[in-house]
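S.K.: Numbering (my numbering), first residue to last: 2 to 72.
Quick reminder that beta carbons are idealized off the backbone N, C-alpha and C, glycines included.
Predicted model only: the values in this text are computed from it and were never measured.
I have a structure I would like to understand better, so I am pasting it below and will then ask my questions one at a time.
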């Protein structure tokens, strides 16, 4: 999946959820000896943060004129 599409789908919610989950994930990795727990989610969030595009238009504004009959 193209990273731009992933950013559109996960974007703001993913970044916000990671702020909430990070401490729990870190503790779970230690408590359960499971260092790969949610590793790909963390990787994706790190990648999105590196891109620095966290201030894009919300989908409900960006695609206000979208028409499902176009697809």
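1. Do you know offhand how far residue 19's Cα is from residue 46's?
2. Span of the alpha helix (DSSP H) holding residue 62?
3. What does a CB cutoff of less than 6 Å around residue 44 pick up in its chain, not counting 5 residues either side in sequence?
4. Could you tell me the boundaries of the alpha helix (DSSP H) in which residue 66 lies?
M.R.: Well, looking at it:
1. Their backbone Cα atoms lie some 7 Å apart in a straight line.
2. 60-63
3. none
4. Per DSSP, residue 66 belongs to no alpha helix (DSSP H) and is neither H nor E.
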